[in-house]
Amino acid sequence: MRNPAITVVTSTRAEFGLLRPVVAKLCQNGPAPALVATGAHLCARLGGTVAEIEADPVAAPCLAARLPIFSEEDPGEPVARTIARTVGVFDAYFAAHRPDALVLLGDRFETFAVAVAAAARHVPIAHISGGDVTLGAADEYYRHCITHMAALHFPSCADSAARLVRMGQAPDTVFCVGGLGDENIRTLPKMSRAELCTSTGFDLMQPFALVTFHPETAPGAPDAAAQVAALCTAMAAVPGVFWLITGSNADAGGAVCTAAMQAFAAAHPQRAGFVQSLGLRRYLSAMQYAALVAGNSSSGVVETPTFGVPAVNIGSRQAGRILCQNVLSCPGDAAAIEAALRTALTPEFAAKAKGAQSPYNGGDTSGKIAEILRAYDFSKPKTFYDAP
Numbered sequence: 019m020r021n022p023a024i025t026v027v028t029s030t031r032a033e034f035g036l037l038r039p040v041v042a043k044l045c046q047n048g049p050a051p052a053l054v055a056t057g058a059h060l061c062a063r064l065g066g067t068v069a070e071i072e073a074d075p076v077a078a079p080c081l082a083a084r085l086p087i088f089s090e091e092d093p094g095e096p097v098a099r100t101i102a103r104t105v106g107v108f109d110a111y112f113a114a115h116r117p118d119a120l121v122l123l124g125d126r127f128e129t130f131a132v133a134v135a136a137a138a139r140h141v142p143i144a145h146i147s148g149g150d151v152t153l154g155a156a157d158e159y160y161r162h163c164i165t166h167m168a169a170l171h172f173p174s175c176a177d178s179a180a181r182l183v184r185m186g187q188a189p190d191t192v193f194c195v196g197g198l199g200d201e202n203i204r205t206l207p208k209m210s211r212a213e214l215c216t217s218t219g220f221d222l223m224q225p226f227a228l229v230t231f232h233p234e235t236a237p238g239a240p241d242a243a244a245q246v247a248a249l250c251t252a253m254a255a256v257p258g259v260f261w262l263i264t265g266s267n268a269d270a271g272g273a274v275c276t277a278a279m280q281a282f283a284a285a286h287p288q289r290a291g292f293v294q295s296l297g298l299r300r301y302l303s304a305m306q307y308a309a310l311v312a313g314n315s316s317s318g319v320v321e322t323p324t325f326g327v328p329a330v331n332i333g334s335r336q337a338g339r340i341l342c343q344n345v346l347s348c349p350g351d352a353a354a355i356e357a358a359l360r361t362a363l364t365p366e367f368a369a370k371a372k373g374a375q376s377p378y379n380g381g382d383t384s385g386k387i388a389e390i391l392r393a394y395d396f397s398k399p400k401t402f403y404d405a406p
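Quick note, in our numbering, the sequence shown goes up one by one and the last residue is 406.
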């Protein structure tokens with residue numbers, strides 16, 4: 019059987035960081051995949067992070083297309099309108115460049131839209147990180163929708179793998195390979211602390227916290243402006259730490275969160291610094307040296323256990339995920355956030371965090387994914403599994 023022609027789609031900085039080792043292993047084991055950049059990668063107001071792909075010696079030669087889907091002029095564009103545009107853009111792409119299989123990661127609305135376009139063209143989908151739970155985000159149902167369209171599944175932990183089977187995915191299509199974030203932490207060379215200071219332009223030899231905050235998007239979610247204001251109030255009240263803040267994502271309310279964080283950093287130049295996107299190597303290097311990771315990004319609960327770094331998980335965006343002993347969850351009001359930040363910065367909690375055991379360590383996760391992708395028969399029809 020010939021090697022399948024594989025297309026990999028990436029829409030965000032975080033997603034590319036996770037997919038990069040898969041692209042690298044596919045290049046080693048056979049024909050290079052076609053990498054398609056879309057979403058935030060091509061949006062200037064969200065950092066234009068396609069530049070990171072173009073500068074990457076592994077990914078750049080694989081970059082086959084740049085497909086814009088976001089409006090630069092209207093950051094508040096309704097999600098449904100962006101989804102509709104994305105389906106149209108990718109339908110045209112798949113009509114002209116039909117792969118044997120499409121690799122998608124995660125649960126974002128633009129990823130869901132790409133999956134819809136692929137399913138409508140009968141392009142088999144291999145889905146990474148299905149079966150997770152995040153009750154505080156619309157990602158919850160986008161993720162499960164992608165699962166039901168996908169032919170092949172690469173969950174990151176045993177709980178997620180079991181959930182996929184309970185959802186009707188045939189057991190012989192579910193491969194529990196571990197987490198790509200965990201693999202990156204274990205294998206990617208990190209910057210020295212001095213290099214990180216030079217690269218960001220901030221004094222990170224002092225104790226610092228890595229902060230990323232996204233809006234909650236589940237029905238009835240709290241107002242993003244109120245939540246990010248509460249976080250800023252709490253940060254201002256906690257002394258002795260520098261706040262290294264990264265930009266929010268493209269969800270509804272993300273621009274509001276980013277603007278508030280930029281304003282906080284500008285108002286506290288000695289205590290805070292803002293970077294729209296740190297990129298994979300800088301982000302993991304910052305996480306390694308941080309006294310604390312705070313916010314509500316999935317990396318705060320999924321990747322921090324590997325480092326054993328204290329993490330404060332704010333609000334409900336990540337509700338339902340496995341939480342290790344290094345993660346302290348709190349409501350999204352200023353008093354609760356401040357109390358959690360203060361606790362997480364204590365020597366006692368730092369010692370507790372060091373003992374965290376990640377459930378996402380699958381060893382050579384990207385190698386396993388690449389090997390299975392190369393060997394899998396994507397001509398087989400998808401069938402749903404009626405569990406006993």
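A virtual CB, placed ideally from N, CA and C, is assigned to each residue, including glycine.
On a predicted model such as this, the values are computed, not experimentally measured, just so you know.
Check: Residue interval of the alpha helix (DSSP H) (run including Val-40); Outcome: 31-47
Check: In chain order, each beta strand (DSSP E) run of at least 3 residues that lies wholly inside the stretch 126-179; Outcome: 143-146 and 170-172
Check: Nearest to Ala-42 (by Cα), restricted to the options Asp-395, Ala-168 and Ala-388; Outcome: Ala-388
Check: Per-residue DSSP class, three states only, for Val-54; Outcome: strand
Check: Assigned secondary structure, Phe-226 (DSSP; H/G/I helix, E/B strand, else coil); Outcome: strand
Check: Cβ-based burial, Ala-110 [other Cβ within 10 Å; buried from 16]; Outcome: exposed
Check: Residue burial classification, Glu-356 (beta-carbon count within 10 angstroms, cutoff 16); Outcome: buried
Check: Buried/exposed call for Gln-288, threshold 16 Cβ in 10 Å; Outcome: exposed
Check: Residue(s) in a DSSP beta bridge with Ile-415; Outcome: Residue 415 lies beyond the residue range present for the chain, which begins at 19 and ends at 406; the question has no answer from this structure.
Check: Check whether Ser-10 and Gly-154 have beta carbons under 8 Å apart; Outcome: Summary: the structure shown does not reach residue 10, with the chain confined to residues 19 through 406, and so no result is reported for it.
Check: Within 8 Å, strictly: CB atoms of Ala-77 and Ile-71; Outcome: yes
Check: Contact check, Leu-228 vs Val-107, beta carbons under 8 Å; Outcome: no
Check: Buried versus exposed call for Phe-402 [16 or more other C-beta atoms within 10 Å across all chains shown]; Outcome: exposed
Check: Selected residue, minimal CA-CA separation from Cys-275, among Leu-182, Ala-168, Asn-314 and Ala-255; Outcome: Asn-314
Check: Coarse secondary structure for Val-259, derived from DSSP in three states; Outcome: coil
Check: Ala-290: first and last residue of the uninterrupted alpha helix (DSSP H) it sits in; Outcome: First-last for Ala-290: 290-293, but that is the beta strand (DSSP E), not the alpha helix (DSSP H).
Check: Cut-off 7 Å between Cβ atoms - residues of its own chain near Gly-196, not counting five sequence neighbours on either side; Outcome: Ser-174, Tyr-378, Asn-379, Gly-380, Gly-381 and Thr-383
Check: Limits of the alpha helix (DSSP H) - the one that Arg-84 falls within; Outcome: Note, Arg-84: premise wrong, no alpha helix (DSSP H); beta strand (DSSP E) at 81-85.
Check: Exposure of Asn-21, with buried meaning 16 or more beta-carbon neighbours within 10 Å; Outcome: exposed
Check: For Thr-361 and Arg-38, the rounded distance between their alpha carbons; Outcome: 35 Å
Check: Reference Phe-231, options Leu-60, His-140 and Val-319, closest by Cα; Outcome: Val-319
Check: Three-state secondary structure (DSSP) of Val-13; Outcome: Because the chain is modelled from 19 through 406, residue 13 falls outside the range shown and cannot be assessed.
Check: 8 Å CB neighbourhood of Leu-346 in its chain, flanking five on each side removed; Outcome: Pro-328, Ala-329, Val-330, Asn-331, Ala-358, Thr-361, Ala-362 and Phe-367
Check: Delimiting residues of the beta strand (DSSP E) encompassing Asn-331; Outcome: 329-332
Check: Residues of its chain near Thr-67, where Cβ-Cβ distance is below 6 Å and the 5 sequence neighbours each way are ignored; Outcome: Arg-31, His-59 and Ser-295
Check: CB contact flag (Leu-222, Tyr-307, <8 Å); Outcome: yes
Check: Contiguous beta strand (DSSP E) assignments of at least 3 residues, all confined to the stretch 330-357; Outcome: 345-348
Check: Integer-rounded CB distance, given that Leu-206 should sit under 8 Å from Val-192; Outcome: Between Leu-206 and Val-192 the Cβ distance is about 27 Å, and since that is not below 8 Å, they are no contact.
Check: Distance CB(Phe-396)-CB(Pro-142) smaller than 8 Å; Outcome: yes
Check: Nearest-angstrom Cα separation, counted from Leu-341 out to Gly-373; Outcome: 13 Å
Check: Option in Ser-266, Pro-117, Thr-129 and Arg-116 with minimal Cα separation from Val-105; Outcome: Thr-129
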